[in-house]
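Numbering-wise, full-length UniProt numbering puts 64 at position 64 of the sequence shown, and it's gapless, one number per residue.
Before any comments, here is the structure.
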Amino acid sequence: MMDNQNKTNWWHFHALKLNNGKIYRVWIDYKDSFLGVSIAPAKMKKPLWPLLNVFIDLSDFFLDEMYAGFCAATGQLIGNHKILSWSFSN
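Take a look at the structure:
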């Protein structure tokens, strides 16, 4: 999440611990070969700038008809991953 106190460093993010029991929203956007990932606490709006924004051409992997899925892992830790809602738009 963006550091509002240091506006000259708009790229500075606070450390974020995801295994704290809180609910977070994640946006995964793919447009014009750019993959953007944004994250915020559940009740906040989508941040103006993505946490991650990379160029990657996925056109060879997208088909006219296909399935979308989710996967999660914790390594040797015990964890509970819940997807409370999701949407897909083309």
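Using N, Cα and C, we set each Cβ at its ideal position, and we do this for glycine too.
Because the structure is a prediction, the values reported are computed rather than measured.
Is the beta carbon of R25 closer than 7 Å to that of residue 103?
This structure cannot settle anything about residue 103, because the visible part of the chain is limited to 1 through 90.
Got a sec? Which residues, its chain only, sit under 6 Å from I28 by beta carbon, not counting five neighbours each side?
Here residue 28 corresponds to residue number 28 of the sequence shown, with the count starting at 1. Hits under 6 Å: V37.
F62 lies in the beta strand (DSSP E); which residues open and close that run?
As a working mapping, residue 62 is identified with position 62 in the sequence shown. F62 -> no beta strand (DSSP E), and no H or E assigned at all.
Ends of the beta strand (DSSP E) at F55?
Taking the first residue of the sequence shown as position 1, residue 55 is located at position 55. That run of the beta strand (DSSP E) goes 52-55.
Taking a contact to mean a Cβ-Cβ separation below 7 Å, would you say F55 touches F70 in this structure?
For this step, residue 55 is matched to residue 55 along the sequence shown. For this step, residue 70 is matched to residue 70 along the sequence shown. Not closer than 7 Å, so no.
Between the Cα of W86 and those of T74, G21, A68, spot the shortest distance and give me the residue it belongs to.
Locating residue 86 in the sequence shown gives position 86, where the first residue counts as 1. Ranking T74, G21, A68 by Cα distance to W86 puts A68 first.
Name the two residues that bound the continuous beta strand (DSSP E) containing D29.
The residue labelled residue 29 in the question sits at position 29 within the sequence shown. Where D29 is concerned, the enclosing beta strand (DSSP E) stretches over 24-31.
Using the C-alpha atoms, what's the distance from G21 back to I78?
Numbered from its first residue, the sequence shown carries residue 78 at position 78. Numbered from its first residue, the sequence shown carries residue 21 at position 21. Spanning the two alpha carbons is a distance of roughly 13 Å.
Would you say S59 faces chain B, with C-beta separation under 7 Å as the test?
Protein chain content of the structure displayed is limited to a single chain, and chain B is not contained in it.
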